[in-house]
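Chains as they are written, first to last, in the numbering used here: chain A, -5 to 330; chain B, -5 to 330.
See below:
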């Protein structure tokens, strides 16, 4: 079978919610998030529990906007960056919706949408809630250094977004949609030998290029067929590598219609984030706020949303492994 | 919609493979595994890389038995217990099959089969490879203590299985099947307040009871409709709690037709495993060897396979959180 899967029933994305942290709220998209939480502990005792509170709040806000209760939601799909995806699991405990835990690093929002869209398209579930989160403080101390250490960051490093996004999919054709899901391309794990955990853009770009090439070849489409191709989160380094790789592969991207969520979420000039934003929450909050807003405003009619993940762990880094990447893609279109 | 999903096209499980470690090979099922690996490093430099080698070997062996190449496989679904599911991700890098990473702790084998069966049933993929692994040494040092410390274990503790299992699903009705998939019940995260990381059976049993009750209520079935109800891996403690909970809920289990993979994989009298086996690999290797053998021998015609996971992390344990559990169930039947 071709790698790209067509969703014949065009499952509907009926609501989205984005809950952002303080720094994200001060960024260029500050005006479009549902909520901005100034307290990085979100009233909890630890950053990990705070991240779970972001996850839960995004899920609940999304369900409220969609007019659906947790009891009416057939499945929650998603995850986060923490060991054993604790943010998502603890939120799922509170929501008590049947839960499929996913791990795709920063590709999780796309992974959850890909699976959720197929299950909804096939009528296996009526409503699927897809969500992902990350938190700068919990990610830094798990993957890199204690925050108190105040470690210097390299120019290729990205800044993990504090936030969570959730999107509600429905198979009911009578429900008004913000957009519909038409195609899914599942990513392959790709590794070009990058071992620098502070240069994840370079580690992920080859996976993005692989998924994008297969998507174009399967569908007979090219970049011009999309109002926007959205990656998340390659940052400036990965963005530039992807542009170059696609040029080499004979599927050039048009820079004016290619957006990376890691470059949208912060102002790199003033916010000191080096190569851009990252984390599962980055593409999740950009998709669930600004992208859905543009669909509603009629500014875009067809986009490819492709979140990218760097599948590293501290253990593999310490054992000298290179960093595998993965990128899952879903096509979103305006409702006819 | 009801929580239990019927698979109208009855996707086919066409091959399974189980790769076991030395201690597992010395257990009661030693004669039915595809391979027993005596070296706990499997020729690698670390236990984590060894675990990935188990994962890869199970996947490759399963594909060979099914007569399918990696290129013909549309998706690999699965995960393991390690931080950022590194065993599965590194194996997926080598296999280069489109990969959906899952985290369901010890429920992962059932989670991968549930999603794989729905995607195959719906025709979204032609062949889905579902796999899970665990390794005693990598799990002990990640979740508990350095092995060298020689820590005493409590009577309720379980022994993490070293091994990996893989099952190949096909939507092609012309392919001979070991069994077919007919129903899926996705688990809800359930927490009854157990905080002892050495008593995971007690933490997971309520989740198993919740899934089982919903399954019975949705389908109108009871325990007598199954030749076997298989949990994995509650161990002796969780096994007994589940029996009691189901009795209380008015859906009693018949002990002679209820099997827990954690109690099958080791001989508790002679192998010093305390409450039984555990780990993603436990239910994976029992399903992919002994259960499939029994189907082939005509000894069983309908089973409910329900793997259970304890969604704890060292961080949540240190922060005083209780242990949420989850259990996903899939019905397997002999091919008409």
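Where a beta carbon is used, it is the ideal one built from N, C-alpha and C, also for glycine. In this text the structure is predicted, and so the values were computed from the model without any measurement.
Through-space distance from residue j to residue i, alpha-carbon basis
{"i": "residue 128 (chain A)", "j": "residue 78 (chain B)", "result": "14 Å"}
{"i": "residue 317 (chain A)", "j": "residue 251 (chain B)", "result": "46 Å"}
{"i": "residue -2 (chain A)", "j": "residue 241 (chain B)", "result": "47 Å"}
{"i": "residue 105 (chain B)", "j": "residue 158 (chain B)", "result": "15 Å"}
{"i": "residue 126 (chain A)", "j": "residue 321 (chain B)", "result": "21 Å"}
{"i": "residue 86 (chain A)", "j": "residue 177 (chain B)", "result": "23 Å"}
{"i": "residue 117 (chain A)", "j": "residue 300 (chain B)", "result": "23 Å"}
{"i": "residue 97 (chain A)", "j": "residue 81 (chain A)", "result": "12 Å"}
{"i": "residue 190 (chain A)", "j": "residue 136 (chain B)", "result": "23 Å"}
{"i": "residue 293 (chain B)", "j": "residue 58 (chain B)", "result": "25 Å"}
{"i": "residue 29 (chain B)", "j": "residue 236 (chain A)", "result": "42 Å"}
{"i": "residue 215 (chain B)", "j": "residue 285 (chain B)", "result": "21 Å"}
{"i": "residue 40 (chain A)", "j": "residue 199 (chain B)", "result": "28 Å"}
{"i": "residue 124 (chain B)", "j": "residue 5 (chain B)", "result": "13 Å"}
{"i": "residue 130 (chain A)", "j": "residue 194 (chain B)", "result": "31 Å"}
{"i": "residue 279 (chain A)", "j": "residue 160 (chain A)", "result": "8 Å"}
{"i": "residue 209 (chain A)", "j": "residue 119 (chain B)", "result": "15 Å"}
{"i": "residue 46 (chain A)", "j": "residue 306 (chain B)", "result": "14 Å"}
{"i": "residue 9 (chain B)", "j": "residue 48 (chain B)", "result": "17 Å"}
Reference residue i; option with closest CA among the options
{"i": "residue 114 (chain B)", "options": "B:0, B:221 and B:205", "result": "B:0"}
{"i": "residue 248 (chain B)", "options": "B:223, B:140 and B:13", "result": "B:223"}
{"i": "residue 101 (chain B)", "options": "B:139, B:304, B:314 and B:312", "result": "B:304"}
{"i": "residue 172 (chain B)", "options": "B:-5, B:284, B:-4 and B:7", "result": "B:7"}
{"i": "residue 291 (chain A)", "options": "A:329, A:299, A:121 and A:314", "result": "A:329"}
{"i": "residue 266 (chain A)", "options": "A:107, A:17, A:4 and A:2", "result": "A:17"}
{"i": "residue 63 (chain A)", "options": "A:109, A:90, A:71 and A:269", "result": "A:90"}
{"i": "residue 302 (chain A)", "options": "A:284, A:66 and A:201", "result": "A:201"}
{"i": "residue 213 (chain A)", "options": "A:284, A:109 and A:323", "result": "A:323"}
{"i": "residue 239 (chain B)", "options": "B:49, B:197 and B:120", "result": "B:197"}
{"i": "residue 73 (chain B)", "options": "B:26, B:120, B:52 and B:312", "result": "B:52"}
{"i": "residue 227 (chain A)", "options": "A:142, A:314, A:2 and A:99", "result": "A:99"}
{"i": "residue 319 (chain B)", "options": "B:164, B:280, B:273 and B:186", "result": "B:186"}
{"i": "residue 92 (chain A)", "options": "B:71, B:83, B:206 and B:68", "result": "B:206"}
{"i": "residue 229 (chain B)", "options": "B:164, B:163, B:153 and B:183", "result": "B:153"}
Where residue i meets chain B, residues with beta-carbon distance less than 9 Å
{"i": "residue 243 (chain A)", "result": "The premise fails here: residue 243 (chain A) is roughly 17 Å from chain B at the closest Cβ pair, so nothing lies under 9 Å."}
{"i": "residue 307 (chain A)", "result": "42, 76, 77, 78, 79, 80 and 83"}
Under 8 Å by beta carbon: chain A residues contacting residue i
{"i": "residue 120 (chain B)", "result": "-5"}
Chain B within 8 Å of residue i, Cβ atoms only
{"i": "residue 4 (chain A)", "result": "no"}
{"i": "residue 8 (chain A)", "result": "no"}
{"i": "residue 134 (chain A)", "result": "no"}
{"i": "residue 335 (chain A)", "result": "Residue numbering for chain A in the displayed model covers -5 to 330; residue 335 (chain A) lies beyond these limits and cannot be assessed."}
{"i": "residue 73 (chain A)", "result": "yes"}
{"i": "residue 317 (chain A)", "result": "no"}
{"i": "residue 334 (chain A)", "result": "Outside the modelled stretch of chain A, which goes from -5 to 330, sits residue 334 (chain A), for which no answer is possible."}
Proximity test, Cβ basis, 8 Å: residue i and chain A
{"i": "residue 79 (chain B)", "result": "yes"}
{"i": "residue 112 (chain B)", "result": "yes"}
{"i": "residue 97 (chain B)", "result": "yes"}
{"i": "residue 224 (chain B)", "result": "no"}
{"i": "residue 140 (chain B)", "result": "no"}
{"i": "residue 320 (chain B)", "result": "yes"}
{"i": "residue 109 (chain B)", "result": "yes"}
{"i": "residue 62 (chain B)", "result": "no"}
{"i": "residue 294 (chain B)", "result": "no"}
{"i": "residue 13 (chain B)", "result": "no"}
Proximal residues of chain A, C-beta to C-beta of residue i below 9 Å
{"i": "residue 169 (chain B)", "result": "Those within 9 Å of residue 169 (chain B) in chain A number zero; the least Cβ separation is about 15 Å."}
{"i": "residue 116 (chain B)", "result": "112, 113, 115, 116, 117 and 118"}
Proximal residues of chain B, C-beta to C-beta of residue i below 8 Å
{"i": "residue 181 (chain A)", "result": "92 and 93"}
{"i": "residue 275 (chain A)", "result": "The contacting residues do not exist; residue 275 (chain A) stays about 16 Å from chain B at best."}
{"i": "residue 393 (chain A)", "result": "There is simply no residue 393 (chain A) to check, as chain A begins at -5 and stops at 330 in what is shown."}
{"i": "residue 105 (chain A)", "result": "94 and 95"}
Residues that residue i contacts on chain A, provided the C-beta gap is smaller than 7 Å
{"i": "residue 86 (chain B)", "result": "183"}
C-beta neighbour in chain C for residue i, strict 8 Å
{"i": "residue 310 (chain A)", "result": "The displayed structure is made up of protein chains A and B, and chain C is not among them."}
Within chain B, partners of residue i - CB distance below 7 Å
{"i": "residue 68 (chain A)", "result": "-5"}
Name, going along the chain, the residues of the stretch 31 to 58 of chain A whose beta-carbon falls closer than 9 Å to a beta-carbon of chain B. 39, 40, 42 and 43
Going along the chain, which residues of the stretch 185 to 200 of chain A sit with their C-beta nearer than 8 Å to a C-beta in chain B? 185
Residues of the stretch 260 to 286 of chain A with Cβ closer than 9 Å to any Cβ of chain B, in chain order: none
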